[in-house]
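Here is the structure we will look at, set down as structure tokens.
Protein chains: 2
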Amino acid sequence: MDERSYSEIRKDPVMGRWVIINKDPGYIPDLNEKIVRPEKKDNCPFCAGNETMTPEEIISISLNDHDPWSIRIVPNKYPALNGNQNLSKEGIGIFDKMTGYGFHEVVIESPQHKNSLSDLSKEHVFNIFRIIKKRILELKDQKDIKYILVFKNEGSSAGASIEHSHLQLIGTPIVPKRVQEELDGSKFYYDYKKRCIFCDILKEEHGSKGERIIYENENMISISPYAARFPFETWILPKSHASHFENSSDEILMDLSEVLLFYLKALDKNLINPHYNMILHNSPVKEGTEKHYHWHIEIIPKIKKIAGFEWGTGFYINPISPEDCTNVLKRRSE
Amino acid sequence: MDERSYSEIRKDPVMGRWVIINKDPGYIPDLNEKIVRPEKKDNCPFCAGNETMTPEEIISISLNDHDPWSIRIVPNKYPALNGNQNLSKEGIGIFDKMTGYGFHEVVIESPQHKNSLSDLSKEHVFNIFRIIKKRILELKDQKDIKYILVFKNEGSSAGASIEHSHLQLIGTPIVPKRVQEELDGSKFYYDYKKRCIFCDILKEEHGSKGERIIYENENMISISPYAARFPFETWILPKSHASHFENSSDEILMDLSEVLLFYLKALDKNLINPHYNMILHNSPVKEGTEKHYHWHIEIIPKIKKIAGFEWGTGFYINPISPEDCTNVLKRRSE
């Protein structure tokens, strides 16, 4: 058996999903077009000076004397869900549907078109997380909203349709399926062990050789998950148990910004500005503090196409082990 | 509220996943590069004359007098899983893993490089399904194999790395998560109603205006599923209840070929040879005939990038309703 044919199958302890780690020396990353943003774009609705091109601003903050705003939240002009209708549910024979009630907002990360999230200062990124926290706290009691999803699509391969760097907030009247599975998986573990599975994972990662720890500071840590589905997939978690992102202190959000920037800069350096998705995995908004669920951020660089195999099964093939990915990211972060 | 802001949320009755159907008049399909295959490619391991470039042939058939083979099954040269090792399971602290035991084979659909699956005759496609059925029957009793996945990646956007048209078979020592969810979802329905949910869906589709039925013949039917995740997503099912593809009669496989070719030609015509994934959803191999599960084929054209939203939640946004997709496919199939 040559090296090429070595593979192992690992189980994600939270989701119960199995991943083939097939250390493939012949794997060539499917590198996306490098993201190069011009200084300014005339028709960009998110650029300074083009504020009238977006729906009316919801909230903004300025971090210096020369910019009228540094971070700005506006409604999505073409929302996937919207609040102009009531939530109503209907059965049609065997089928179920409801109105597309919810909200869909955009967090414009900076007024300058050229900036990627990884170009911003730690303080600026901290303020982005702070304004998102504020917005979640404002929206979480809204009628019929069960979940607030916070995510970022960086680059066209990640599904971004507007180049200017931004995050999105979507409030939904249901708890999405994948989120519910994660909640159920961690609840199952908690009911059996009376411990948070994410806390146990962090303990395990610290107790082992640290071979999947990318970076940590006082409050936050980034790891390559044991059963990573994708090369360079990364989770960023608070080191102490916490179920709701929106309850985070300033210290935690500042440490989060540092850990995130370390990872994004390492990614930029090693994979030449890859397209990626970043997703906040948070508790449903109406739930009180939970002992079994632990909020975190998952980042998935888009350097491997998802094939039929993955779609059909939820059973992924990852050609680079998380230990190798960790080594690369640790070694070349600046 | 303008037309643009209309959306509804639909539930997939089998999986319980919710999909936003956001009829978006501004949506432009993310068309892939048109697949144009040359007559022959010197270095293609799947072309006639290059048989020595693949591992030793497992099985082949010839459908005419001039070709030594018309369809050929060979082991995958770089298998994701392989049988050169025993299945062994191990716990490492909180984590679980097993050896990458299994098999991974390739079904070369025709000796000519230029052919897409949709270029082949109904009889040829029938024989592809027949040889796959034969191979599943040969492999299903193999030790420690729980599931045999049959799928096709057409085009680079669908994850294909070899251009010559082919399908793949992967035998796994576990039942993959998404498959298990489908089994669980249909079992839940069966336990409650004592009826197969897929049979009930077909009854519902026939009883309504037929607005999601693309094509049907005596034994098989293609539909746009009610809660389609993607534009032009299609399911092809046997009209009578059947849990295992490999128990299909020749009549069923011939009708399957006709329904599949109708769909693929309509897709080629309307979307200019899109890249797509095709996946056989089948029962686990060791299970006897099941009353709750109904085998079928799912096809997903790759004309919409999956964004962070979808990854984070399993909650999809589909910008074209399945009813509109059905209309397009029915109208322009030739």
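Heads up: the sequence lines are chains P and R, in that order.
Residues in the first sequence are numbered consecutively from 13, following this note's numbering.
Residues in the second sequence are numbered consecutively from 13, following this note's numbering.
For each residue, glycine too, the CB sits at the ideal point set by N, CA and C.
- Query: Any beta-carbon of chain R closer than 8 Å to the one on alanine 361 of chain P?
  - Reply: No statement about residue 361 of chain P is possible, as the shown extent of chain P runs from 13 to 346 and does not include it.
- Task: Could you please tell me which residues of the region 174-195 of chain R, in chain order, have their CB closer than 8 Å to any CB of chain P?
- Result: For the region 174-195 of chain R, which is checked against every Cβ of chain P, the residues closer than 8 Å are Gln180, Ile182, Thr184, Pro185, Ile186, Pro188, Lys189, Arg190, Val191, Glu193.
- Item | asparagine 165 of chain P, DSSP secondary structure in three states | Reduced to three states, the DSSP call for asparagine 165 of chain P is strand.
- Query: Tell me the DSSP bridge mates of arginine 22 of chain P?
  - Reply: P/Val31, R/Lys109
- Query: Roughly how far, in whole angstroms, is the beta-carbon of phenylalanine 314 of chain P from the beta-carbon of proline 286 of chain P, given that I think they are within contact range, below 8 Å?
  - Reply: The amino acid at residue 314 of chain P is misidentified as phenylalanine; the sequence shows lysine. About 6 Å separates the two Cβ atoms, so the contact holds.
- Message: Once the 5 residues before and after lysine 145 of chain P are set aside, which same chain residues still bring their CB inside 8 Å of it?
- Response: Phe257, Glu258, Ser260, Leu265
- What residues match up with histidine 308 of chain P in a beta bridge as DSSP calls it? Per DSSP, the beta bridge partners of histidine 308 of chain P are P/His293.
- Query: Within the chosen definition, does the region 209-221 of chain P reach the region 129-143 of chain P through at least 3 CB pairs nearer than 8 Å?
  - Reply: Remark: fewer than three beta-carbon pairs, one from each stretch, lie closer than 8 Å, so the region 209-221 of chain P and the region 129-143 of chain P are not flagged as touching.
- Query: In chain order, what residues of the same chain lie with their CB nearer than 7 Å to the CB of lysine 342 of chain R, ignoring the 5 residues before and after it?
  - Reply: Ile226
- Task: Using a Cβ-Cβ cut-off of less than 9 Å, list which residues of the region 110-144 of chain P approach chain R; keep chain order.
- Result: Met110, Thr111, Gly112, Tyr113, Gly114
- chain R beta carbons: is any one of them nearer than 8 Å to that of leucine 161 of chain P? Yes, leucine 161 of chain P lies at the interface with chain R (some Cβ there is under 8 Å from its Cβ).
- Message: Quick test of your reading: valine 137 of chain R and isoleucine 85 of chain R, contact by CB under 8 Å. State the CB separation rounded to the nearest angstrom.
- Response: No, valine 137 of chain R and isoleucine 85 of chain R are not in contact; Cβ-Cβ is about 15 Å, not under 8 Å.
- Query: Smallest Cα separation from aspartate 54 of chain R: which of R/His308, R/Ile71, R/Leu99, R/Gln124?
  - Reply: R/Gln124
- Item | Short Cβ contact (8 Å threshold) for serine 173 of chain R with isoleucine 47 of chain R | no
- Query: Are any of the Cβ atoms in chain R nearer than 8 Å to that of histidine 93 of chain P?
  - Reply: Note on residue identity: the sequence assigns leucine, not histidine, to residue 93 of chain P. Leucine 93 of chain P counts as touching chain R.
- Roughly how many angstroms lie between the CA atoms of threonine 66 of chain R and lysine 89 of chain R, to the nearest whole one? 7 Å
- Can you name, in chain order, every residue of its own chain whose Cβ lies under 8 Å from the Cβ of arginine 49 of chain R, other than the five neighbours on each side? His125, Lys126, Asn127, Ser128, Glu175, His176, Ser177
- Item | Every unbroken beta strand (DSSP E) inside the region 63-135 of chain R [3 residues or more] | 71-73, 83-87, 101-104, 107-111, 115-120
- Out of R/Lys281, R/Thr338, R/His308, state which residue places its alpha-carbon closest to the alpha-carbon of phenylalanine 242 of chain R. R/Thr338
- Item | Counterpart residues of asparagine 330 of chain P in DSSP-defined beta bridges | Its beta-bridge partners are P/Ile33.
- Query: Are serine 122 of chain R and threonine 111 of chain R close, meaning C-beta to C-beta below 8 Å?
  - Reply: no
- Task: Quick one: residues in its chain with C-beta nearer than 6 Å to the C-beta of aspartate 24 of chain R, no 5 flanking neighbours on either side, listed in chain order?
- Result: Ala239
- Message: Using 8 Å for Cβ pairs, my map puts asparagine 231 of chain P next to lysine 251 of chain P. What's the rounded Cβ distance?
- Response: 6 Å
- Item | Contact residues within the region 281-301 of chain R, judged by C-beta distance below 8 Å to chain P | Asn289, Met290, Ile291, Leu292, His293
- Bridge-paired residues (DSSP) for methionine 232 of chain R: R/Pro250
- threonine 347 of chain P - DSSP class collapsed to helix/strand/coil: Residue coverage of chain P in this structure runs from 13 to 346, which leaves residue 347 of chain P outside it and unanswerable.
- Spatially closest choice to isoleucine 21 of chain R from R/Asn330, R/Ile186, R/Ile182, by CA coordinates: R/Asn330
- Using DSSP with H/G/I as helix, E/B as strand and the rest coil, what is serine 315 of chain P? Position check: residue 315 of chain P holds isoleucine in this sequence, whereas serine was assumed. DSSP places isoleucine 315 of chain P in coil when its eight states are reduced to three.
- Task: List the residues that DSSP assigns as beta-bridge partners of glycine 183 of chain R.
- Result: Answer is R/Phe115, R/Ile160.
- Below 8 Å on the Cβ atoms is my guess for asparagine 289 of chain R versus lysine 164 of chain R; work out the distance and round it to an integer in Å. 7 Å
- Message: Would you say isoleucine 318 of chain R lies against chain P (beta-carbon separation less than 8 Å)?
- Response: So yes, isoleucine 318 of chain R belongs to the interface.
- Below 8 Å, can you find three or more Cβ-Cβ pairs linking the region 57-64 of chain P to the region 140-157 of chain R? no
- Cα-Cα separation, glutamate 322 of chain P to asparagine 96 of chain P: 37 Å
- Which one of P/Val340, P/Ile332, P/Asp336, P/Thr325 has the shortest CA to CA distance from arginine 29 of chain P? P/Thr325
- Is the shortest distance between the beta-carbon of isoleucine 106 of chain R and the beta-carbons of chain B less than 8 Å? Annotation note: the requested chain B is absent from the structure, which comprises protein chains P and R.
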